[in-house]
Amino acid sequence: HDASAHLGGRGGTKKHPQSALEQAVESMGAHLSAYTSREHTAYYMKTLAKDLPKAVELLAEVVQSSSLSEADIELQRSVVLRELEEVQGSLQDVCLDVLHATAFQGTPLGHSVIGPSANARTLTRNDLVEYINSHYKAPRMVLATAGGVNHDELVGLAKQHFSGVSFEYEGDAVPVLSPCRFTGSEIRMRDDAMPLAHIAIAVEGAGVASPDIVPLMVANSIIGSYDITFGGGKNKSYAAVTPKIVRDVCSKYIYDKCPAVSAVGPIEQVPDYNRMRSAMYWLRF
Numbered sequence: 001h002d003a004s005a006h007l008g009g010r011g012g013t014k015k016h017p018q019s020a021l022e023q024a025v026e027s028m029g030a031h032l033s034a035y036t037s038r039e040h041t042a043y044y045m046k047t048l049a050k051d052l053p054k055a056v057e058l059l060a061e062v063v064q065s066s067s068l069s070e071a072d073i074e075l076q077r078s079v080v081l082r083e084l085e086e087v088q089g090s091l092q093d094v095c096l097d098v099l100h101a102t103a104f105q106g107t108p109l110g111h112s113v114i115g116p117s118a119n120a121r122t123l124t125r126n127d128l129v130e131y132i133n134s135h136y137k138a139p140r141m142v143l144a145t146a147g148g149v150n151h152d153e154l155v156g157l158a159k160q161h162f163s164g165v166s167f168e169y170e171g172d173a174v175p176v177l178s179p180c181r182f183t184g185s186e187i188r189m190r191d192d193a194m195p196l197a198h199i200a201i202a203v204e205g206a207g208v209a210s211p212d213i214v215p216l217m218v219a220n221s222i223i224g225s226y227d228i229t230f231g232g233g234k235n236k237s238y239a240a241v242t243p244k245i246v247r248d249v250c251s252k253y254i255y256d257k258c259p260a261v262s263a264v265g266p267i268e269q270v271p272d273y274n275r276m277r278s279a280m281y282w283l284r285f
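Okay, so the sequence shown: first residue is 1 according to full-length UniProt numbering, each after it adds one.
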């Protein structure tokens, strides 16, 4: 699905070739792009509020009528392969991809977002068409805006430009999301020739719909990023998220849990997994 995002954000459509689409976006002073994460593919525009109708029209065109020409596919194939080289050259990205691979082993969340180079080299137009026809359906899509937007106007534009998105699946074959279990485990990639060691540790967290997600985000802000140059300062508190709630939620998700661990580089000194697992017992909040 990363390739479909590349083509949607940078390729042409059946109505506008790439140059005409770029000109239409630039004439509005807007920005059109796309990205893929492990959980979704997003097409988005940044534009002036007065240009909302044209922005929704162009987004609808990109999502529903991408031309998927062979020339565009070959161009974006080379872009994806370059991105793969960049990712493989970033040990931090490699370490985090390995972390997902061990934490969600045997499930779709264990795959990297950009995928293996073999997939990028062998991808065909038919593969993209099949993916889009299987997944770009109304029940799986969200249209969201932020800023100076009138909700009723947006609803009208959605009806006008997205009403053609199908609710039906071919052969009534609705894609089923595979369960993504978390497995406490580790992967180590030792290379003493590397100058730095990259180590990541994770425990299973809460879903975005869980009431625990906000306290976990607060905890993440406290312990998830630290640099010795960081200074102290005044901080605002929020009545809905008290220190006790944060401690309770951290205890629920972190205390005495089996972590997933990834380590890349000169990692001889990294403790044994069983020692790290035992130490989780002492993480009391």
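For glycine and all other residues, C-beta sits at the position ideal for the given N, C-alpha and C.
None of the values given here were measured: they were computed from a predicted structure.
For my contact list, residue i and residue j are in at a C-beta cut-off of 8 Å; report their separation, rounded to the angstrom.
i: L123; j: R77; result: 7 Å
i: I187; j: A120; result: Actually they do not touch by this definition, with Cβ atoms about 23 Å apart.
i: K14; j: S67; result: 5 Å
i: A34; j: A42; result: 6 Å
i: V203; j: C95; result: That belief does not hold up - the Cβ atoms of V203 and C95 are roughly 16 Å apart, past 8 Å.
i: D256; j: M280; result: 5 Å
i: A84; j: S117; result: Reading off the sequence, residue 84 comes out as Leu, not Ala. Rounded, the Cβ-Cβ distance is 5 Å, consistent with contact.
i: L52; j: V149; result: 6 Å
i: V249; j: P215; result: 4 Å
Can you give the Cα-Cα distance for residue i and residue j, rounded to whole angstroms?
i: I223; j: Y253; result: 14 Å
i: V246; j: M217; result: 9 Å
i: T145; j: G89; result: 35 Å
i: R284; j: T36; result: 36 Å
i: N274; j: G184; result: 11 Å
i: S19; j: L75; result: 14 Å
i: G156; j: A260; result: 46 Å
i: L59; j: D152; result: 18 Å
i: I213; j: P243; result: 14 Å
i: F162; j: R38; result: 25 Å
i: M189; j: L196; result: 12 Å
i: S262; j: D127; result: 32 Å
i: D272; j: P266; result: 14 Å
i: L81; j: S69; result: 18 Å
i: M28; j: H16; result: 16 Å
i: P211; j: A240; result: 11 Å
i: W282; j: H198; result: 24 Å
i: F182; j: I201; result: 13 Å
i: A209; j: M141; result: 17 Å
i: A158; j: D192; result: 55 Å
i: A219; j: S251; result: 11 Å
i: S221; j: Y169; result: 42 Å
i: S61; j: G205; result: Sequence inspection shows Glu at residue 61; the Ser mentioned does not correspond to that position. Answer to the nearest angstrom: the Cα atoms are 37 Å apart.
i: E268; j: H40; result: 37 Å
i: S65; j: L154; result: 20 Å
i: A55; j: G207; result: 31 Å
Please work out which residues of its chain come closer than 7 Å, Cβ to Cβ, to residue i, disregarding the five sequence neighbours upstream and downstream, and give them in chain order.
i: P139; result: F167
i: G110; result: H100, A101, F104
i: C258; result: G184, R277
i: P175; result: S134, H135
i: E57; result: H161
i: residue 287; result: Coverage of the chain is limited to positions 1 through 285, which leaves residue 287 absent and any answer about it impossible.
i: I114; result: D2, V80, E83, L84, V87
i: G147; result: A49
i: L143; result: A158, F162
i: V129; result: L68
Over what stretch of residues does the alpha helix (DSSP H) that includes residue i continue unbroken?
i: M280; result: Premise fails: M280 is in no alpha helix (DSSP H) and is neither H nor E.
Could you spell out where the beta strand (DSSP E) holding residue i opens and where it closes?
i: V246; result: Element bounds for V246: not the beta strand (DSSP E) but the alpha helix (DSSP H), 243-253.
i: A263; result: 260-265
Leaving aside the five residues before and after residue i along the sequence, list all residues of the same chain whose C-beta is less than 8 Å from its C-beta, in chain order.
i: K46; result: A30, H31
i: S178; result: T107, P108
i: M194; result: L91, V264, G265, P266
i: E26; result: none
Leaving out five residues before and five after residue i in sequence, what residues of the same chain have Cβ atoms less than 6 Å from its Cβ?
i: D97; result: S112
i: G12; result: Q18, L21, S67
i: C180; result: F104, T107, L109
i: D93; result: V87
* Asked: At what residue ranges does the UniProt domain "Peptidase M16 C-terminal" (123-226) contain a whole run of the alpha helix (DSSP H), taking only runs of 4 or more?
  -> 125-135, 151-162, 213-223
What ranges does the alpha helix (DSSP H) occupy inside the UniProt domain "Peptidase M16 N-terminal" (12-116), keeping only unbroken runs of at least 4 residues that lie completely in it?
18-27, 52-64, 70-89, 91-103
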